[in-house]
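Here the structure is laid out as structure tokens; the discussion comes afterwards.
In the UniProt record's numbering, the protein residues as written are 1 to 417.
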């Protein structure tokens with residue numbers, strides 16, 4: 001479908017508004033992405049270098065020596081640090097250090113050292129063994145909604161968030177009675193990501209509680225190693241060629257597993273996309289064998305992660321554009337997934353798309369999403385059951401995506417069934 005055009009002299013200012021999470025642009029960023037790809041495929045916007053075309057994004061992702069994943073202190077972060085008093089700065093530094101412990105913000109060999117402990121548990125074959133459990137949980141959650149006689153409910157809060165969150169919690173050995181508390185802490189921390197921790201005090205308190213909780217889980221597993229049947233319990237006692245994971249390693253893995261999974265947004269975004277493309281919804285309902293390919297198209301068409309950052313380790317050039325050492329490169333994954341040079345008619349969702357799996361909605365290279373197979377499985381089973389159970393499901397309110405340019409999805413999605 002044709003997109004509204006943006007004049008060249010307005011492009012940089014419009015992109016800056018998008019990066020600042022202007023609600024109208026967050027709801028519909030596609031004309032901005034198209035203008036970037038056509039007019040300024042690599043553009044310096046304030047302290048950031050924005051990269052919008054598919055081939056350029058992949059070139060950066062396949063070169064971790066030149067483009068590091070280690071968190072860089074950009075202009076926005078430096079400005080935020082400068083406005084804080086000593087107490088606030090200490091809290092901010094603790095939060096960014098906590099965030100940076102995740103595997104997504106490490107380079108090799110540190111990244112590879114930690115990831116090798118968990119790779120086998122998240123392989124396609126290992127995740128396939130969880131299929132019956134995930135399918136049962138999908139039905140359990142929807143059965144609970146049906147049992148309450150709810151004909152209208154928040155799909156995000158009551159289903160899309162609950163499914164991946166509960167699956168990961170079970171893998172980590174988290175008790176059901178802790179789910180609400182963990183969810184609240186995680187939500188508070190996620191509010192700060194991308195906003196320079198505007199909610200500094202609340203996020204700091206949540207981080208302290210979160211960290212204390214993980215350390216307690218580690219202590220319990222170490223005290224009773226024979227009882228460790230969950231993935232995290234096995235990691236606590238893992239000996240890989242004589243090397244044990246220490247507490248900080250285990251916290252990093254826990255953080256990555258709990259905060260990096262955005263399947264809730266994949267499910268919610270897919271429901272929105274299917275509502276806007278009823279022909280594709282009807283096709284999936286009639287031909288459920290298309291669901292696995294449809295999931296790849298969901299990751300392409302409306303991904304849950306819109307961008308990721310890399311830091312240039314040296315002066316370099318990307319497709320003729322000079323990038324200075326230390327500059328932050330913002331890779332626009334969502335834009336790359338709509339690049340017509342790679343995907344024919346990219347603004348149309350097509351669940352039969354032959355090259356849908358070439359999307360980079362799950363990253364690429366050494367940092368390809370650790371939980372990619374679990375995310376695919378959860379999305380497939382969730383959307384299939386929603387279509388089967390609620391053939392007339394419809395969205396009842398205007399959809400506003402959260403004001404966050406990194407993690408994309410609605411915080412609320414009211415539907416009638």
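Ideal Cβ placement from N, Cα and C applies to all residues, glycine included.
All figures in this text were calculated on a predicted structure; none of them were measured in a lab.
What is the rounded straight-line gap between the Cα of residue 494 and the Cα of residue 393? Limits of the chain in this structure are 1 at one end and 417 at the other, which puts residue 494 out of reach.
Which residue spans inside the stretch 115-194 form an unbroken alpha helix (DSSP H) run of at least 4? 124-128, 131-147, 162-172, 179-192
If I measure Cβ to Cβ from residue 372 and keep anything under 6 Å in the same chain, skipping five residues before and after, which residues do I get? 362
Enumerated in chain order, which unbroken segments of the alpha helix (DSSP H) with a length of 4 residues or greater are wholly contained in the stretch 332-396? 333-336, 372-389
Whole-number beta carbon distance between residue 298 and residue 270, since they are thought to touch under 8 Å: 4 Å
Rank 268, 290, 37 by C-alpha distance to the C-alpha of residue 156 and give the top, closest one. 268
Within the same chain, show all residues whose beta-carbon is closer than 7 Å to that of residue 161, passing over the 5 residues directly before and after it, in chain order. 264
Is the stretch 341-354 touching the stretch 44-60, taking contact as three or more C-beta pairs under 8 Å? yes
Three-state secondary structure (DSSP) of residue 50: strand
Specify, as a first and last residue, the run of the beta strand (DSSP E) that residue 414 falls within. 414-416
With burial defined as no fewer than 16 other Cβ atoms inside 10 Å of the residue's Cβ, what is the status of residue 136: buried or exposed? exposed
Which residues in the same chain have their Cβ closer than 7 Å to the Cβ of residue 197, if we skip the five residues on either side of it in sequence? 92, 95, 203
Relative to the alpha-carbon of residue 174, which residue among 126, 130, 254, 140 has its alpha-carbon at the smallest distance? 254
Expressed to the nearest angstrom, what Euclidean distance is found between the alpha-carbon atoms of residue 217 and residue 359? 37 Å
C-alpha gap between residue 81 and residue 128, whole angstroms: 45 Å
Buried or exposed (CB count within 10 angstroms, at least 16 for buried), residue 111: buried
Identified DSSP bridge partners for residue 5: For residue 5, which the question treats as bridged, DSSP gives no partner whatsoever.
Quick one: any contact between the stretch 178-192 and the stretch 277-286, if contact means 3 or more CB pairs under 8 Å? no
What did DSSP end up calling residue 96 once you bin it into helix, strand or coil? helix
Between which two residues does the alpha helix (DSSP H) containing residue 212 stretch? 200-223
Would you decide whether residue 152 is buried or exposed? Buried here means 16 or more other CB atoms lie within 10 Å of its CB. exposed
Would you tell me roughly how many angstroms separate the C-alpha atoms of residue 8 and residue 32, rounded to the nearest one? 11 Å
If we call anything under 7 Å between Cβ atoms a contact, is residue 61 one with residue 320? no
Provide the residue span of the alpha helix (DSSP H) that contains residue 266, from first to last. 263-276
Ignore the nearest five residues each way along the sequence and tell me which others in residue 49's own chain have a CB closer than 6 Å to its CB. 323, 327, 329
CA nearest to the CA of residue 304, picked from 335, 280, 40, 184: 335
So, is residue 355 buried or exposed, given that buried needs 16 or more other C-beta atoms within 10 angstroms? exposed
Tell me which residue opens and which closes the beta strand (DSSP E) that residue 319 is part of. Segment: none, residue 319 is in no beta strand (DSSP E) and carries neither H nor E.
Hey, how far is the Cα of residue 408 from the Cα of residue 186? 16 Å
Beta-carbon spacing of residue 224, residue 236 below 7 Å: no
Alpha carbon to alpha carbon, how far is residue 349 from residue 36? 21 Å
Can you tell me the Cα-Cα spacing of residue 312 and residue 70, whole angstroms? 10 Å
Mind checking if residue 277 is an interface residue toward chain C, Cβ cutoff 7 Å exclusive? Although the question refers to chain C, the structure presented lacks it and comprises just one protein chain.
Measure the beta-carbon distance from residue 23 to residue 400 and round it to whole angstroms, keeping in mind my assumption that it falls under 8 Å. 7 Å
Using beta-carbon positions only, say whether residue 380 and residue 295 come within less than 7 Å of one another. yes
Confirm, please, whether the CB-CB distance from residue 281 to residue 290 is below 7 Å. no
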